[in-house]
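Structure first, then comments.
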Amino acid sequence: MQKPIELRPPEDPRNGPVLLRQQLLAAGYNDNAIARMKRGGVIRPLRGGAYVAAEVWERLDEVGRYGLRCRAVLGQAKAPVVLSHVSALPEYDAPTWGFDLVDVHVTRTDGIRGRRARGVQQHVGTLRPADLVRVNGVPAVTPARAALDTVMLGCSEASLVVMNDLTHRGLASEAELREQYVEMQTWPGMSAAEVLLRLVDPRIESVGESRTFWALYQQRLPRPVSQYEVKDSAGRVIARLDFAWPELGVWLEFDGREKYEKHRRPGESVADAVVREKNREDLVRRVTGWRCIRITWADLADPRRLAAIIHRVLFPAA
């Protein structure tokens with residue numbers, strides 16, 4: 027087993043704690059008392075026989091609540107299992123975009139064929155000691171194994187989002203992903219992984235950028251340079267561009283809401299951040315003479331239309 031990973035402080039609400047029925051009974055509560063706490067809004071159910079304090083529940087988003095449900099499945103499991111596939115992602119703070127968060131996915135460590143119960147899908151597959159780790163105190167597969175596991179769930183775009191995120195944050199390397207693929211390449215559903223490993227790019231910083239990169243690939247547009255650095259005449263970096271085609275004199279920025287909220291400077295409003303981004307674009311245009319394409323989440327909903335727009339900018343003579 028790998029060295030334990032701690033990515034969040036103990037008091038983080040995503041750690042729970044999860045309250046299991048048998049623990050509450052052992053502490054002196056009976057089923058009537060548990061029912062009263064539920065009716066009174068003191069606890070909230072995660073799944074049958076598992077609860078969390080209401081104050082913790084209210085502090086969590088959909089992914090955080092799903093993560094606690096995954097922890098509840100671990101606590102109630104009768105067989106030796108670890109979190110895997112999409113269910114390992116919340117512990118790594120990895121994006122779950124594009125994945126169904128209805129079922130909890132675990133993999134058995136005893137090699138016995140798994141089964142599917144209500145809300146839980148048990149998987150069976152070879153688990154090496156190197157594939158296992160305790161993350162934030164719970165057993166799970168490693169980041170690289172989790173990323174390759176997600177490929178078997180059938181959404182290549184979402185798996186690329188995960189791979190880019192994990193490599194960008196240093197939780198998995200490209201070499202580790204390739205090594206994991208060698209171990210799993212004959213497994214059902216793994217045919218897409220080889221393509222994804224050619225596309226993975228640790229420079230890509232967000233879900234929106236990963237989805238943009240995937241759309242460019244799917245629509246057979248030229249592969250851009252990610253996080254391209256623009257320098258002034260003195261060699262100083264004045265901007266980093268989401269994507270650029272230097273030989274064509276074009277760059278592309280993905281304008282998600284996160285860009286203007288997450289990267290605001292101290293005391294800066296969203297409007298201030300928008301103005302600063304506009305000034306940055308003007309500076310890049312003056313220095314390079316390039317043309318800028320800006321896209322949003324709405325553009326990603328229609329990749330063919332988006333590709334046509336980008337193609338006209340890349341190849342105006344055509």
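Residue numbering for the sequence shown follows the working numbering, starting at 27 and increasing by one per position.
Where is the CB? At the ideal position from N, CA and C, for every residue including glycine.
On a predicted model such as this, the values are computed, not experimentally measured, just so you know.
Check	Outcome
Can you tell me which of the three DSSP states S110 falls into?	coil
For the segment 251 to 260 against the segment 209 to 226, do three or more pairs of beta-carbon atoms, one drawn from each stretch, fall closer than 8 Å, so that the two count as touching?	no
I'd like to check one pair, V132 with V108: are the Cβ atoms closer than 8 Å?	yes
Just confirm the distance between the C-beta atoms of P329 and Q244, as a whole number of angstroms; I'd bet it's less than 8 Å.	6 Å
What's the C-alpha gap between V159 and R34?	15 Å
Roughly how many whole angstroms lie between the Cα atoms of L340 and D175?	36 Å
Would V130 and G151 qualify as a contact pair, given that the criterion is a beta-carbon distance under 8 Å?	no
Nearest to G234 by CA position, among A265, A324 and R306, is which residue?	A324
For A201, does the three-state DSSP call read helix, strand or coil?	helix
Given a cut-off of 8 Å, decide if P169 and T135 are closer than it, judged by their beta-carbon atoms.	no
Under a three-way DSSP split, which group does K28 fall into?	Rather than Lys, the amino acid found at residue 28 in this sequence is Gln. In the structure shown, Q28 sits in coil (DSSP, three-state: anything other than H, G, I, E or B).
Taking only runs of the beta strand (DSSP E) that begin and end inside the segment 211 to 281, which ones reach a length of at least 3 residues, in chain order?	251 to 257, 263 to 271 and 276 to 280
Under the three-state reduction of DSSP, which class applies to Y55: helix, strand or coil?	coil
In terms of residue numbering, what span does the alpha helix (DSSP H) encompassing A334 cover?	P329 to L340
Check whether the Cβ atoms of L203 and L223 lie closer than 8 Å to each other.	yes
Can you tell me which of V44, Q28, I336 and I321 puts its alpha carbon nearest to the alpha carbon of L19?	Because the chain is modelled from 27 through 344, residue 19 falls outside the range shown and cannot be assessed.
Using only the alpha-carbon positions, how far apart do A79 and P39 sit?	10 Å
Does T322 pass the burial test, meaning 16 or more other C-beta atoms within 10 Å, or should it be called exposed?	exposed
Could you tell me if V310 is buried or exposed, where buried requires 16 or more neighbouring beta carbons within 10 angstroms of its beta carbon?	buried
Could you tell me the distance, in whole angstroms, from the CA atom of D268 to the CA atom of A166?	33 Å
Of the residues V313, L247 and R302, which one's Cα is nearest the Cα of V263?	V313
Tell me the residue span of the alpha helix (DSSP H) that contains T168.	Counting along the chain, T168 falls outside any alpha helix (DSSP H), and DSSP gives it neither H nor E.
Going by alpha carbons, who is nearest to L332 out of M63, D227 and T238?	T238
For E273, tell me which candidate among R266, L197 and R317 has the shortest Cα-Cα distance.	R317
Where do the N-terminal and C-terminal ends of the alpha helix (DSSP H) with L100 fall, by residue?	E88 to Q102
Residue range of the beta strand (DSSP E) that V130 falls in?	V130 to R134
Tell me which residue opens and which closes the alpha helix (DSSP H) that V161 is part of.	Here V161 belongs to no alpha helix (DSSP H); instead the beta strand (DSSP E) covers L158 to V161.
Give every residue of the same chain whose Cβ lies closer than 7 Å to the Cβ of E32, excluding the five residues on either side of it in the sequence, and list them in chain order.	N162
Mark V208 as exposed unless 16 or more other C-beta atoms lie within 10 angstroms of its C-beta, in which case mark it buried.	exposed
CA-CA distance, G261 and Q147?	54 Å
Measuring straight from C-alpha to C-alpha, what distance separates A156 and L46?	30 Å
What three-state label does DSSP hand I69 in the structure shown?	strand
Return the Cβ separation of P121 and D191 in integer angstroms, given the expectation that the two are a contact with Cβ distance under 8 Å.	5 Å
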